[in-house]
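Chains as they are written, first to last, in numbering that gives the first Met the number 0: chain Y, 0 to 307; chain W, 0 to 475.
Backbone N, C-alpha and C fix where the C-beta goes; we use that ideal spot for every residue, glycine too.
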Amino acid sequence: MASPSAPVEGVGPARGRPPARDVAGLGVGRALGFVAPAFLLIGAFLIFPALWTIYIGITNYRLTGVEAVSPSIVGLSNYTKALNDALFHNALWLTLLFVLGSAIIGQNILGFTLAWIMRRTRPAVRRTVEAFVLLAWILPSTVVAYLWVAFYDRDGGTLNSLLGTSGTAWLIDYPMACLIVFNTWRGTAFSMMLYSSALQAVPPSQLESARMVGASGWQTLRDVVFPHIRGHVLTNTLLISLWTANDFSPFLLTKGGPNHESETVPVYIYNVALQGGELGYSSAISFLLLIANLLVSLVYLRLLRRRS
Amino acid sequence: MRSISRLTTAGVLGAAALALLTGCLGSSGSDSGGGQDANRNADAKKVELTIGSNSVKGGKSSAGATFLEDVLIPKFVADQKGKGVDVTVKFQGDGSDDEVYKQKLSLDLSNRSGPDLFQIDGIWVGEFAQAGYIKPLTDTVGDAAKVNDWDGWKQIPESVQALGSFNGQRYGVPGGTDGRVLYFNKKLFQQAGLPADWQPKSWDDIISAGQALKKLPGVTPIQINAGTAMGEATTMQGVLPLLVGTGATVNTDGKWLGNTPQLRQVLDFYHQIYSTGLGDPVLQKEAKGRDKSFAEFAANKIGILGESDYFWRSVVEPKEGVAKMADRDSAVGWALIPAMKPGAGVKGQDFVSMSGGGATVINPNTKFPQQAWELLQFMNSAEMVKASLDGAAKITQRSDVNSEVLASDPMLSFIAEKVLPITQFRPGLAEYPKISAALQQATADVVAGKSTDAAASAYEKAVETAAGGKDKVTSN
Numbered sequence: 000m001a002s003p004s005a006p007v008e009g010v011g012p013a014r015g016r017p018p019a020r021d022v023a024g025l026g027v028g029r030a031l032g033f034v035a036p037a038f039l040l041i042g043a044f045l046i047f048p049a050l051w052t053i054y055i056g057i058t059n060y061r062l063t064g065v066e067a068v069s070p071s072i073v074g075l076s077n078y079t080k081a082l083n084d085a086l087f088h089n090a091l092w093l094t095l096l097f098v099l100g101s102a103i104i105g106q107n108i109l110g111f112t113l114a115w116i117m118r119r120t121r122p123a124v125r126r127t128v129e130a131f132v133l134l135a136w137i138l139p140s141t142v143v144a145y146l147w148v149a150f151y152d153r154d155g156g157t158l159n160s161l162l163g164t165s166g167t168a169w170l171i172d173y174p175m176a177c178l179i180v181f182n183t184w185r186g187t188a189f190s191m192m193l194y195s196s197a198l199q200a201v202p203p204s205q206l207e208s209a210r211m212v213g214a215s216g217w218q219t220l221r222d223v224v225f226p227h228i229r230g231h232v233l234t235n236t237l238l239i240s241l242w243t244a245n246d247f248s249p250f251l252l253t254k255g256g257p258n259h260e261s262e263t264v265p266v267y268i269y270n271v272a273l274q275g276g277e278l279g280y281s282s283a284i285s286f287l288l289l290i291a292n293l294l295v296s297l298v299y300l301r302l303l304r305r306r307s
Numbered sequence: 000m001r002s003i004s005r006l007t008t009a010g011v012l013g014a015a016a017l018a019l020l021t022g023c024l025g026s027s028g029s030d031s032g033g034g035q036d037a038n039r040n041a042d043a044k045k046v047e048l049t050i051g052s053n054s055v056k057g058g059k060s061s062a063g064a065t066f067l068e069d070v071l072i073p074k075f076v077a078d079q080k081g082k083g084v085d086v087t088v089k090f091q092g093d094g095s096d097d098e099v100y101k102q103k104l105s106l107d108l109s110n111r112s113g114p115d116l117f118q119i120d121g122i123w124v125g126e127f128a129q130a131g132y133i134k135p136l137t138d139t140v141g142d143a144a145k146v147n148d149w150d151g152w153k154q155i156p157e158s159v160q161a162l163g164s165f166n167g168q169r170y171g172v173p174g175g176t177d178g179r180v181l182y183f184n185k186k187l188f189q190q191a192g193l194p195a196d197w198q199p200k201s202w203d204d205i206i207s208a209g210q211a212l213k214k215l216p217g218v219t220p221i222q223i224n225a226g227t228a229m230g231e232a233t234t235m236q237g238v239l240p241l242l243v244g245t246g247a248t249v250n251t252d253g254k255w256l257g258n259t260p261q262l263r264q265v266l267d268f269y270h271q272i273y274s275t276g277l278g279d280p281v282l283q284k285e286a287k288g289r290d291k292s293f294a295e296f297a298a299n300k301i302g303i304l305g306e307s308d309y310f311w312r313s314v315v316e317p318k319e320g321v322a323k324m325a326d327r328d329s330a331v332g333w334a335l336i337p338a339m340k341p342g343a344g345v346k347g348q349d350f351v352s353m354s355g356g357g358a359t360v361i362n363p364n365t366k367f368p369q370q371a372w373e374l375l376q377f378m379n380s381a382e383m384v385k386a387s388l389d390g391a392a393k394i395t396q397r398s399d400v401n402s403e404v405l406a407s408d409p410m411l412s413f414i415a416e417k418v419l420p421i422t423q424f425r426p427g428l429a430e431y432p433k434i435s436a437a438l439q440q441a442t443a444d445v446v447a448g449k450s451t452d453a454a455a456s457a458y459e460k461a462v463e464t465a466a467g468g469k470d471k472v473t474s475n
C-alpha cells in the first residue's frame, strides 16, 4: 500500500501540480470503490469498443456472406489495402480540406471577428446577438443540414433566388465549398463564445496603452491581444478541428457524392461498413482516423505547452 | 519508471480485453452448424411471433405495413384462436434505406436474435444463406413433405419462386414481382410529332425519339438512371436491362461480367444520352435524383423514363402516388424495352426486361418454427394475398390472384402478360451488391465525361477485387 504522503507519479497535470494526497483519509480500497463506476463506464463504452475496433480491423469480418460465419485474422492486410485505396486517399484529402477550410480558417476567423466586434457593444445587445448566433450551434445537426440542403437546392433554393442563378446545382457542382460554408456557419458560434470570454481577459490598460502610443488596429491585435489569447486560440483550433474531422453531417448534405467528391473519412467509413458490409476494413480505417486525431492532438498539446 | 508502469498497466488491460474479444468473435460462428429441434414448442398453447419488414405505416411502403398490422395479424390471431392457440404477433416495422435495413437485420441475425419472420429482397437470399442467417425451409420446419406439399407453390411460377431460393433450395416464400418498361409522356410525344402507340425496336429508335423531343423547350428527352447516387435503381432500371439487350448477363456460368464488348456497348449508349443533351447529367448526381426525375416526369418535363411498374402503381398513381398525375391513364404510355437491335437480346429476344421482388423467410432461431411456418402459409394464401392489395392492382406472387385482380389495369396486365415471359432476374449471390456498385460507378464515370474505355477498364478492376480474382471475371 502506498504511503499517503508519497507523491503519486503520473497523476494530474505535469506542470505545477499539487502533491497528491489522501484528502479524506480514505484507504486505497475505498478510493477505488468510488472511482470504479466511472472506470467501468469508460471501460465498457470507450475502451472496450475501441479495442474491439482494433481487433476487428485485423480480420476479414463482414456482415453477410461466408466471412460473417467464420471471420479469420488477416493481419495488417486491411491497412495495406487502405494504403493502396484511392478512395481512402481521396477521403483523407477531402477531410483535410474540410478541417482546414471550415474549422482552422472559417470558424476561427469569423468567430474571432464577431467576438471582436461585439466586445464594445452594450451587454444587452451582446447577449441577444450571442443567443441568436448560438442557435446555430444548439440546433440538432440533422435539422441544420436539411435547412442547408433546402438553401442550396437547385430548384427553388434560397441561394439561387438570392444570386439570381436559377438552376445551379450547388451541392453537385461545388460540394466541398458548400460543406465548408455550412460547417463554418454552424461552428462559428462556439468560436465566438470562446473568444468573447478570452477577450475579456485582455487587460484594458494594455489596450489603452496601445491606443495611446498610436498602435494600428492590426498592431494592437498582434502585439497586445494575441499573446493573451494564444492558449484559447490553440485550444479552440484543436477542439473544432477534431469535431470537424469526425463530423458526419456531410453525409446528410451530399451522402459523399457526387462521385465521391465530398466523401470525407467518416462518410467513407459509413459507406464501406454499411453499404459494402466490410466491417473489418471499415474498422481499420476508423482506427487510422483515431491515430490521425491523436497525432493532431499531440502536436497541439506540444504547441500549447511550448507557447505558454 | 513512470512510463514503464503505465505501459504495463495499459498492456495488461489491452491483453485482457483482446483475449475477451477473441473469445467473443470466435463464439459467434462456432456453434452455428448445430441442428436444432424443428419441433420445439410445436404444441405450445401460448405463442409469440414477430414479423420484421422494411415498411412503416404512413412512411416507407405504408400499404404493406398497414396490411401486416391491421389485416394479417388480427386475422391470423383469430384463426389460431379457433384452433385453441393463443398467439400474439408483433409487427416490427422499419423505414430505413434498404442497405441500412439489411445491415440491422444482419447484426440481429448474427447474434441469433431478430424477428421470427422477416421480409428481404430476393438478391439477399444468397448472402443470408451463405452466412447461415437463414436455412432452407425444410431444415427450419424440419419436415420436407410438410413444406413441399403446401398447395401455394402450385400457384407461384417457378421463375418467381427463384426470388426465395438459393442453390436449388427454398429459403422463403416470394412476395410479388415486377417488370421494367419504358414510360413515355404522350402529351410531349404529340407535341414532338411522335406516335401515341410508340414502340421502339432498337436503341437507335430511342435515340431518334429523344432527338425529336429535344426540340421542345424545357424538356429532358430521356431519363435512364445512372450513377451511384441512384444506387440499385441505376443497375435495375438502367444497366441490366440494357445489358440483357446486348445478349449478355451480369453473371454467366459462374463468372462475373468484366470489360466486354457488351458492357462497352451499354456504356456507349449512356455516353450517347448524357453527352449530347438527351439526358440531364446533373439529375444523375443528386442525392434525391430519382425522386426529382419522378416529379419532372409528372410535370411534363421528361419525355421517356425507364422504370418498373412501381412507377405506375405508386409514383404517378392519381390519388396516392408520390408524384401524382391526375391524367395518368391518358397521358402516360408504356413500351417494351428493345434489345440493342432486333434479336440481339439475351436468348435472341427482340425485347427484354429485368424483374425483382422479395421473399418472406423464417428465422432459424425462432422459438416457434412450426407456428412461423403456419403464419407464412397463411400470409401467402390466396385470400390474404388478395387482401394485401386492398383494392389496388399489383403483380402478386400468385397466378390465381393475378388473373383476377390485374384484369382491370391495362398496364399491370401488360407486365404480367408481355414482360414477365421475357424478363430476367438478378443472381442471388453474395458478390452481387459489389458488382452492382461497380456498374453504378462505371455509369457515373461516363456521365461525368470519362471515355467509355476508361470507365470500362476501371470497372473491370473493381469487379476483379469484388469477385476475388481474374479467373472469376469474363473479359475480352
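Proximity test, Cβ basis, 8 Å: residue i and chain W
i              : result
residue 59(Y)  : no
residue 236(Y) : no
residue 67(Y)  : yes
residue 258(Y) : yes
residue 146(Y) : no
residue 74(Y)  : no
residue 141(Y) : no
Straight-line gap, residue i to residue j (C-alpha atoms, nearest Å)
i              : j              : result
residue 207(W) : residue 243(Y) : 49 Å
residue 150(W) : residue 174(W) : 16 Å
residue 412(W) : residue 312(W) : 12 Å
residue 354(W) : residue 176(W) : 7 Å
residue 473(W) : residue 255(W) : 6 Å
residue 348(W) : residue 342(W) : 5 Å
residue 214(Y) : residue 114(Y) : 20 Å
residue 195(W) : residue 273(W) : 25 Å
residue 222(W) : residue 305(W) : 7 Å
residue 487(W) : residue 45(Y)  : This structure gives no information on residue 487(W), because the portion of chain W shown stretches from 0 to 475.
residue 293(W) : residue 146(W) : 42 Å
residue 73(Y)  : residue 180(Y) : 41 Å
residue 455(W) : residue 438(W) : 9 Å
residue 77(Y)  : residue 283(Y) : 6 Å
residue 198(W) : residue 183(W) : 10 Å
residue 478(W) : residue 187(W) : Residue 478(W) is absent from the model: chain W starts at 0 and stops at 475.
Any chain Y beta carbon closer than 8 Å to residue i
i              : result
residue 189(W) : no
residue 281(W) : yes
residue 321(W) : no
residue 411(W) : no
residue 129(W) : yes
residue 227(W) : yes
residue 450(W) : no
residue 469(W) : no
residue 369(W) : no
Minimum C-alpha distance to residue i - residue among the options
i              : options                        : result
residue 181(W) : 373(W), 336(W), 118(W)         : 336(W)
residue 212(W) : 278(W), 41(W), 119(W)          : 278(W)
residue 310(W) : 303(W), 220(W), 320(W)         : 320(W)
residue 230(Y) : 94(Y), 91(Y), 145(Y), 305(Y)   : 305(Y)
residue 363(W) : 204(W), 426(W), 138(W), 252(W) : 138(W)
residue 468(W) : 253(W), 393(W), 352(W)         : 253(W)
residue 460(W) : 433(W), 447(W), 448(W)         : 433(W)
Residue i - partner residues in DSSP beta bridges
i              : result
residue 45(W)  : 85(W)
residue 222(W) : 304(W)
residue 187(W) : Paired residues: none, contrary to the question.
residue 254(W) : 251(W)
residue 50(W)  : 90(W), 116(W)
Cβ separation of residue i and residue j, assumed to be a contact under 8 Å, to the nearest whole Å
i              : j              : result
residue 56(Y)  : residue 225(Y) : Going by Cβ atoms, the distance from residue 56(Y) to residue 225(Y) rounds to 42 Å, so no, they are not a contact pair.
residue 85(W)  : residue 56(W)  : Actually they do not touch by this definition, with Cβ atoms about 25 Å apart.
residue 303(W) : residue 209(W) : 7 Å
residue 171(W) : residue 136(W) : 7 Å
residue 119(W) : residue 431(W) : Not quite, the Cβ-Cβ distance comes to about 13 Å (not below 8 Å), so this is no contact.
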